[in-house]
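Residue numbers (this note's numbering), protein chains in the order written: chain A, 86 to 554; chain H, 86 to 554. Even for Gly, the Cβ is constructed at its ideal location relative to N, Cα and C. Predicted, not measured: the structure shown is a model, and the values here were computed from it.
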């Protein structure tokens, strides 16, 4: 075999662009919002769509039920022959579920009616899930499809693991991994749910933050009270909740949860130097989202704060009267959603325990507090050396004409930690998103050039792993 | 003339109970909800009903239009003769509008189909407006009517001022008072829109809290952001808002707004002793609403905190994701509604300025804050001595067999301040509500005994002011 086969695969991708886009649009039209029970059947439909698509190119696929949304499991046996069977076996992980689309009125087109929109920087796909993660999964699908159609086979063994609960913290994934260890055996994992350094520079992500996510419910009086008749005597749950949460950071921007920084290492000097050399312009990033000044820990570089330091952010808060004008009520309850991004070295269980202690210590007499725990995953560091990362780096270098940046990522992909701890797999994090993709926001988009570059890079990587070129 | 005339008036009230109740039911059937434009004609109808009823007993009445709902203005010239004209001229203020009846499904009978309901503590009228304020206005009407029917005249000059916008903050009342000063000239104002101490103990309210009510809108990024991608760099408006509001009280429960306590006097020792002697059971009041411990300023008695100390209560808060489960968003904005109850001596404008300073000083760089001001009225102290209060106290003592409690009120009746500042009038606050009347809530009620006692007390007070007995 020769690298001509890779050229044929790339040529096939070139001529099937319209078909690829139609395929992606089909998936984007399914409102598979995992957080909302009303969309359970949509999640199941997205799973069936993916199982069908991969089955069409030689995968054996199954829909595996969980206590929540199903998992699509697929196996591609790989080419025959001892030589071929000696090639690395890749486990590809992706997710077909998406975030809720609210606030709907800020979308320029309906979130589940995908559009190809012209833009000064090139055309883009606009829809919920365009980049996170449906577009990136379909880019991989198209790479496999091009191999299958132009050469009759995929060059390596592949196990496919597509879940439908990533956006709600993957409550059933670890159990599934633990229960199906032998069926999921592979040599390396590949995930495409991260970003490029910029529009023309590829990246491999080597460091991910973890997360602890809780909801704090604070209860006071048994009914809403008139603030004139009771104000000065009755506990006000919103007063109490803001008092607790207002104490979350000290004047240096450090998080006050007890034990929060236990295990957090200082950034190695070499990595710090590498990141500093990237010339990241924090003010430009913030300007693009309407902010004039950075926030966060005093005395830390921007990339350090974004990639290598833990945070605590309130993601939602509500209580009392929220309509127009005034209503003089002391409400009976108040609520907040709080998430901490964790870095490697922090123990999620310890952070959660510290958070419970932090809230409980500050809850006034007479109030009752409930802390619901939605999510707890550690930060993860991925090896930056070895044959698999080298193959990915080579594929990206060929595609983009320059080597990838080895970057950190402020977000969390908890499955990376689970794949390591439960299946012993290191992960290649090769993604094609851009900073302005509006992930989790209205008008989420995926540049068409990124989709295409992603599909081509996946095709090249499969070739590299299969020993082609 | 003799106190036999008062006896005749009371006897007339006794024999006309059914007629009085029918009259009250007629007014309660009119859904005069001032907040809802669909009920504008109902408000006008309630105004016409009152004008007609008072015209039937010798008042000259007019419907005076405003930019909102009309004001009923009435004049009773009083008995003839120099002696009679020397008697005090009373301005009676009341309001014919009511709060919205929502939530409708919690009413045991339709809110605008008044019922006489038997109860262990005696029969009660159940309807929206039963006690606030239609029932109390009709009690005064019946007192006037009984004087008119049994003696042929009312004993004093009376100006009637009945508005239809009390429940929406009286936006047109101050303008009306200022524009009609000479027509509204009187010696003392009388309002019946407050409560008794308990079922058998009358009260005169001598102190009312005022209010400053604002909405705080805090704006950060121009769109919602992914907390993984931006957390540690982008300003989080909920973090910022809770940090500002969490600072609102110190560890002693005192409000930290600059200058907040300027002008707040310590409670006079005599009044403190009187209130302490009432034996108010704060824990029982709180237990009834599910609270186990009092809140508020350390080292102050319960009635002092409720009646004579200013407060700051958050009435509503919202921002970010408030649905089920988790969403890792840094929202673009966060909001809160905050009201301060003021006591006499505090300047609402100064409190508002202090509040703006408090928020602005704590707003981090890059955030934008807007403070909307909905309401500002001062706390009011009514003189507890002098001939008018003495007359009211004597009338109540005769009716109930014990002297009235001179009590404070944690709520606000802004018109009391306006009557003083614009017309120079002190107000007698003689009301007949009970703590369990469900004011502004479903199943609002007015005990029939309170209605009757109110009508009789008003009849006695008119007699006292007219020099009878």
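Taking only the alpha-carbon atoms, compute the straight-line gap between residue 215 of chain A and residue 126 of chain A and give it to the nearest angstrom.
-> Counting from 1 along the first chain, the entry for residue 215 of chain A is found at position 130. Counting from 1 along the first chain, the entry for residue 126 of chain A is found at position 41. One alpha carbon belongs to residue 215 of chain A, the other to residue 126 of chain A, and they sit about 20 Å apart.
Can you tell which of H/528, H/545 and H/537 has its C-alpha closest to the C-alpha of residue 189 of chain H?
-> Position 104 of the second chain, counted from the start, is the residue given in the question as residue 189 of chain H. Cα-wise, what sits closest to residue 189 of chain H is H/528.
Taking all protein chains shown into account, decide if residue 145 of chain H is buried (16 or more other Cβ within 10 angstroms of its Cβ) or exposed.
-> Position 60 of the second chain holds residue 145 of chain H. When all chains shown are included, residue 145 of chain H counts as exposed.
Assign residue 291 of chain A to one of three DSSP states: helix, strand, or coil.
-> Walking along the first chain from the start, residue 291 of chain A turns up at place 206. If DSSP states are grouped into helix, strand and coil, residue 291 of chain A belongs with the strands.
Contact set between the region 362-378 of chain H and chain A, restricted to residues whose Cβ is under 8 Å from the partner | 367, 370, 371, 374, 375, 376, 377 and 378
Under the three-state reduction of DSSP, which class applies to residue 344 of chain H: helix, strand or coil?
-> Taking the first residue of the second chain as 1, we reach residue 344 of chain H at position 259. In the three-state DSSP reduction, residue 344 of chain H falls in the coil class, being neither helix nor strand.
Counting pairs of Cβ atoms below 8 Å between the region 426-436 of chain A and the region 269-280 of chain A, do you hit three or more?
-> no
Mark residue 523 of chain A as exposed unless 16 or more other C-beta atoms lie within 10 angstroms of its C-beta, in which case mark it buried.
-> Position 438 of the first chain, counted from the first residue, corresponds to residue 523 of chain A. The residue is buried, with at least 16 neighbouring Cβ atoms inside 10 Å.
Starting from the Cα of residue 217 of chain A, find the closest Cα among A/358, A/530 and A/382 and give me that residue.
-> For the purposes of this step, residue 217 of chain A is taken as the residue at position 132 of the first chain. Comparing Cα positions, the closest option is A/530.
Report back the beta-carbon spacing between residue 428 of chain H and residue 349 of chain H to the nearest angstrom; my notes put them in contact at under 8 Å.
-> The count along the second chain starts at 1 and reaches residue 428 of chain H at position 343. The count along the second chain starts at 1 and reaches residue 349 of chain H at position 264. About 6 Å; that satisfies the 8 Å criterion.
Is there at least one Cβ from chain A nearer than 9 Å to residue 180 of chain H's Cβ?
-> For the purposes of this step, residue 180 of chain H is taken as residue 95 along the second chain, with counting starting at 1. Not an interface residue.
Could you give the DSSP three-state label for residue 543 of chain A: helix, strand or coil?
-> Within the first chain, residue 543 of chain A is the residue found at index 458, counting from 1. Of the three classes helix, strand and coil, the one that applies to residue 543 of chain A here is helix, per DSSP.
Assigned exposure category for residue 398 of chain H - 16 Cβ within 10 Å defines buried | As a working mapping, residue 398 of chain H is identified with position 313 in the second chain. Buried, because 16 or more other Cβ atoms sit within 10 Å of the Cβ of residue 398 of chain H.
If you compare alpha carbons, which of H/131, H/150, H/449 and H/107 is closest to residue 327 of chain H?
-> Along the second chain, one-based indexing puts residue 327 of chain H at 242. Comparing Cα positions, the closest option is H/449.
Inter-residue spacing [alpha-carbon to alpha-carbon] between residue 86 of chain H and residue 160 of chain H = Locating residue 86 of chain H in the second chain gives position 1, counting from the first residue. Locating residue 160 of chain H in the second chain gives position 75, counting from the first residue. Residue placement at residue 86 of chain H is poorly supported in this model, since its pLDDT is 45, which falls under 50; the coordinates still yield a value, given next. C-alpha separation (whole angstroms): 23 Å.
Does any CB atom of chain H fall closer than 9 Å to the CB of residue 520 of chain A?
-> On the first chain, position 435 is the one that residue 520 of chain A refers to. Taking Cβ atoms only, chain H reaches closer than 9 Å to residue 520 of chain A, which makes this a yes.
Does any C-beta atom of chain H lie closer than 9 Å to the C-beta of residue 89 of chain A?
-> To locate residue 89 of chain A, count along the first chain from 1; it is residue 4. Not closer than 9 Å to any Cβ of chain H, the Cβ of residue 89 of chain A fails to qualify, so no.
Report all residues from its chain with a CB closer than 6 Å to the CB of residue 402 of chain A; omit the five preceding and five following residues, and keep chain order.
-> Within the first chain, residue 402 of chain A is the residue found at index 317, counting from 1. The residues are 421.
For residue 445 of chain A, is the classification buried or exposed, using 16 other Cβ atoms within 10 angstroms of its Cβ as the cut-off for buried?
-> Taking the first residue of the first chain as position 1, residue 445 of chain A is located at position 360. Flag for residue 445 of chain A reads exposed.
In chain order, what residues of the same chain lie with their CB nearer than 8 Å to the CB of residue 341 of chain A, ignoring the 5 residues before and after it?
-> Residue numbering aside, residue 341 of chain A sits at position 256 when the first chain is read from its first letter. So the list reads 332, 333, 334, 335 and 443, once near-sequence residues are dropped.
Would DSSP call residue 281 of chain H helix, strand or coil?
-> On the second chain, residue 281 of chain H is found 196 positions in, with the first residue counted as 1. Coil at residue 281 of chain H, not helix or strand.
Among residues of its own chain, excluding the 5 on either side of residue 222 of chain A, which ones have a beta-carbon nearer than 6 Å to its beta-carbon?
-> Start at 1 with the first residue of the first chain, and residue 222 of chain A comes out as number 137. Excluding sequence neighbours, residue 222 of chain A sits near 179.
DSSP on residue 405 of chain A, reduced to helix/strand/coil?
-> The count along the first chain starts at 1 and reaches residue 405 of chain A at position 320. Of the three classes helix, strand and coil, the one that applies to residue 405 of chain A here is strand, per DSSP.
Below 6 Å CB to CB, which residues in the same chain sit around residue 191 of chain H once its five sequence neighbours on both sides are set aside?
-> Taking the first residue of the second chain as 1, we reach residue 191 of chain H at position 106. Closer than 6 Å at Cβ, skipping near neighbours: 527.
At a Cβ threshold of 9 Å, is residue 398 of chain H touching chain A?
-> Locating residue 398 of chain H in the second chain gives position 313, counting from the first residue. Yes, its Cβ sits closer than 9 Å to a Cβ of chain A.
Burial state of residue 363 of chain A (16 or more Cβ within 10 Å) | The count along the first chain starts at 1 and reaches residue 363 of chain A at position 278. So residue 363 of chain A counts as exposed.
If the cut is a Cβ gap below 7 Å, which residues of chain A does residue 330 of chain H touch?
-> Here residue 330 of chain H corresponds to residue number 245 of the second chain, with the count starting at 1. Chain A residues near residue 330 of chain H: 327 and 331.
For residue 426 of chain H, which of H/122, H/416, H/287 and H/346 has the nearest alpha-carbon?
-> Within the second chain, residue 426 of chain H is the residue found at index 341, counting from 1. Ranked by Cα distance from residue 426 of chain H, the first of H/122, H/416, H/287 and H/346 is H/346.
Quick one: what's got a C-beta closer than 6 Å to residue 297 of chain H's C-beta in the same chain, skipping five residues either side?
-> Along the second chain, read from residue 1 onward, the residue named residue 297 of chain H stands at position 212. The residues are 425, 433, 436, 437 and 461.
Hey, is the region 311-321 of chain H in contact with the region 368-385 of chain A, meaning 3+ C-beta pairs nearer than 8 Å?
-> yes
Would you say the region 135-153 of chain A touches the region 497-515 of chain A, given that touching needs at least three Cβ pairs under 8 Å?
-> no
Could you tell me whether the region 533-540 of chain A touches the region 469-478 of chain A, where touching means 3 or more Cβ pairs closer than 8 Å?
-> When Cβ pairs closer than 8 Å are counted between the two stretches, the region 533-540 of chain A is seen not to touch the region 469-478 of chain A, the count staying below three.
Examine the Cβ distances between the region 99-107 of chain H and the region 242-255 of chain A and report whether three or more of them are shorter than 8 Å.
-> no
Is residue 311 of chain H near residue 413 of chain H, with beta carbons less than 9 Å apart?
-> As a position in the second chain, residue 311 of chain H is number 226, starting the count at 1. As a position in the second chain, residue 413 of chain H is number 328, starting the count at 1. In this structure, residue 413 of chain H lies closer than 9 Å to residue 311 of chain H by Cβ.
Which full runs of the beta strand (DSSP E) of 3+ residues lie inside the region 177-226 of chain H, going along the chain?
-> You should have 200-202 and 209-211.
For residue 93 of chain A, collect the residues of the same chain with a Cβ closer than 8 Å to its Cβ; drop the 5 residues on either side in sequence, then sort them by chain order.
-> Working through the first chain from its first residue, we reach residue 93 of chain A at position 8. Counting only Cβ-Cβ distances below 8 Å, and skipping sequence neighbours, we find 235 and 236.
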